[in-house]
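Here's the structure we're looking at; comments come further down.
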Amino acid sequence: MTPKTQRSLIIGIRRLVNVDDGWNEQMSHLPVIEGAALLIEAGKIARYGKEETLKKELAAEGILQSITEIIDIGGGDILPSYCDSHTHLLFPTSRETELFDRLRGLSYEEISKRGGGILNSARKMESTSDEELLENALMRLDQLVRNGTGTVEIKSGYGLTPVQEIRMLRLIKELKKHTPLTICATFLGAHAFPEPFREKRDAYVEQIISEMLPVVAKENLAEFVDVFCEKGFFSVEQTERILMASKSLGLIPRLHANQFTHSGAIGCAVRQGAITVDHLEVMNDEEIELLKHSRTMPTLLPGCAFFMSSPYPPARKMIDAGLQVVLASDFNPGTNPSGDMKFMISLACLKMGMCVSEAIQASTRNGAKALLLGDSRGSIGIGKRADLQILKPLPSLEYIPYAYTEPLVKGVILGGNLLNINS
Ligand code: NIG
Ligand code: FE
């Protein structure tokens, strides 16, 4: 006997947000169906439309009778789950003392030079057990689920030795087994120069290429490679070497770029065919022009600009230039200890002049594209994975950025499974 297909019908949807029909490349265009219903079959979105019409169609086709569960969300909205394409959420401990060093006037670079920042996390990484790292990361992931995220990228980069970098990536692989979230892994051995290589930076680049990358590839530990290409960190030349070697092993490049300076990282990313450039707190017209003629998507991390009191990326200019902007959290202990994508949407609207439609596109559809998952995630489309957030009844979509500390998610569906989140 063939097992009965799991079929769930969601009804009572006030707004079904970011559907594929009627979508065009314009970020300000957010297709919405009002008074909708949605059918999930075997974990995927099978049908959707106006509730009355869909019910009639399903009845006529004899499908309505075979529905295994009906979920009435009572006038709430449904959004695709957020796809957070940039995090460092596997880390040993918080670093709140550095926040106060900064508030007293030290710069991020000065804190790094004194052994704080990334090196501080790398030291603690070594002395923290696998169990503790996993437990803490799982708690963070659980919070992300409650906040509406369905897909998350996680970087290594607090190891900075062959042993610890590979350990981090193996732990990220382990995390995948214990969470309903989709996790993508990025190798970020080139996050900072560890102490022993302070005076011989090229030797560390060599170690990344000859000792770390081959293991990453052999054990299939990451889909992406990232480099912190920045003054005081990895030069353009070093970045290019790492990216070339990574690409030859099948890894897809993305870069930390233009966080503090016009370091040449944008040109480097475009030349190397990077899928994204992330940060962009400093960005000039020529750099925007370069992105216009490339496949490289700009990823903005407004939580980081907020926490660091740095300038916000010029989102408006980029969107008006026709670029497909991505929003991500950059969840990490140093520059943004938050993975709350709704807060990123609030910052995008309040601080970067984005409209709510653009901010939702940037954190769902474009987030998925930034992880090369646009065919299966990030919007409501037939055949896509049923990764959905159920919001409580809202007066309007503008209420999402407006209510910047109010939890709005009242249910989450991941891979077709309804999770009880008791929010
Ligand atoms: O994206 N800029 C480099 N990396 C992180 C910060 C990591 C840390 O401070 O621990 C970032 O901001
Ligand atoms: Fe980052």
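Numbering (the working numbering), first residue to last: 336 to 758.
Every residue gets a Cβ at the ideal spot worked out from N, C-alpha and C, and that includes glycine.
Only a predicted model underlies this, so the values are computations on that prediction, with no experimental measurement involved.
What's the call for residue i, buried or exposed, on a 16-neighbour Cβ count within 10 Å?
i, result
"residue 732", "buried"
"residue 533", "exposed"
"residue 482", "buried"
"residue 752", "exposed"
"residue 531", "exposed"
"residue 449", "exposed"
"residue 592", "buried"
"residue 741", "exposed"
"residue 350", "buried"
"residue 361", "exposed"
"residue 429", "exposed"
"residue 388", "exposed"
"residue 484", "buried"
"residue 689", "buried"
"residue 375", "buried"
"residue 761", "In the structure as shown, the chain starts at 336 and stops at 758, and residue 761 therefore has no counterpart that could be examined."
"residue 553", "exposed"
"residue 730", "exposed"
How about residue i and residue j: are their beta carbons less than 7 Å apart?
i, j, result
"residue 631", "residue 612", "yes"
"residue 454", "residue 520", "no"
"residue 722", "residue 685", "no"
"residue 745", "residue 719", "no"
"residue 516", "residue 487", "yes"
"residue 460", "residue 427", "yes"
"residue 490", "residue 561", "yes"
"residue 601", "residue 622", "yes"
"residue 739", "residue 692", "no"
"residue 386", "residue 446", "no"
"residue 781", "residue 590", "For the chain, the structure presents residues 336 to 758; residue 781 sits outside this window and is missing."
"residue 599", "residue 418", "no"
"residue 662", "residue 643", "no"
"residue 629", "residue 605", "yes"
"residue 495", "residue 529", "yes"
"residue 725", "residue 408", "yes"
"residue 747", "residue 540", "no"
"residue 638", "residue 581", "no"
"residue 411", "residue 433", "no"
"residue 635", "residue 420", "no"
"residue 381", "residue 340", "no"
"residue 658", "residue 615", "no"
"residue 348", "residue 406", "no"
Throw me the rounded Cβ distance for the residue i and residue j pair, which I believe falls under 8 Å.
i, j, result
"residue 675", "residue 422", "Rounded, the Cβ-Cβ distance is 12 Å, inconsistent with contact."
"residue 567", "residue 523", "In fact, because the Cβ distance is near 16 Å, the residues do not count as touching under 8 Å."
"residue 468", "residue 425", "6 Å"
"residue 355", "residue 714", "6 Å"
"residue 547", "residue 588", "No, residue 547 and residue 588 are not in contact; Cβ-Cβ is about 15 Å, not under 8 Å."
"residue 525", "residue 577", "5 Å"
"residue 687", "residue 736", "Contact flag wrong, Cβ pair sits at about 11 Å."
"residue 343", "residue 404", "5 Å"
"residue 595", "residue 565", "6 Å"
"residue 395", "residue 384", "Contact flag wrong, Cβ pair sits at about 13 Å."
"residue 640", "residue 646", "7 Å"
"residue 700", "residue 353", "6 Å"
"residue 743", "residue 677", "7 Å"
Specify, as a first and last residue, the run of the alpha helix (DSSP H) that residue i falls within.
i, result
"residue 452", "452 to 461"
"residue 754", "No alpha helix (DSSP H) holds residue 754; the beta strand (DSSP E) holding it covers 752 to 754."
"residue 736", "734 to 737"
"residue 684", "676 to 687"
"residue 691", "691 to 698"
"residue 431", "431 to 438"
"residue 447", "443 to 448"
"residue 551", "548 to 553"
I need the boundaries of the beta strand (DSSP E) containing residue i, first residue and last residue.
i, result
"residue 389", "Segment 386 to 395 is the alpha helix (DSSP H) holding residue 389; no beta strand (DSSP E) there."
"residue 490", "484 to 490"
"residue 727", "Premise fails: residue 727 is in no beta strand (DSSP E) and is neither H nor E."
"residue 747", "744 to 749"
"residue 668", "That residue, residue 668, is in no beta strand (DSSP E); it is neither H nor E in DSSP."
"residue 367", "367 to 376"
"residue 560", "559 to 563"
"residue 427", "Where residue 427 is concerned, there is no enclosing beta strand (DSSP E), given that its DSSP letter is neither H nor E."
"residue 404", "404 to 415"
"residue 349", "342 to 352"
Cβ of residue i within 6 Å of any heavy atom in the ligand GDP?
i, result
"residue 675", "With respect to the ligand GDP, the structure offers nothing, as its ligand set consists of the ligand NIG and the ligand FE."
If we cut at 7 Å on Cβ distances, does residue i have a partner in chain C?
i, result
"residue 383", "Among the chains in the structure shown there is no chain C, since it carries only a single protein chain."
#### Entry: Start-end ranges of the beta strand (DSSP E) lying completely within the stretch 583 to 651, minimum 3 residues
Taking only runs of at least 3 residues, the beta strand (DSSP E) segments lying wholly in the stretch 583 to 651 are 587 to 592, 611 to 614, 632 to 635.
### Task
Scan the stretch 471 to 537 and note each continuous alpha helix (DSSP H) run of 4 residues or more that stays entirely inside, going in chain order.
Look at the stretch 471 to 537 and you find these whole runs of alpha helix (DSSP H), each 4 residues long or longer: 497 to 511.
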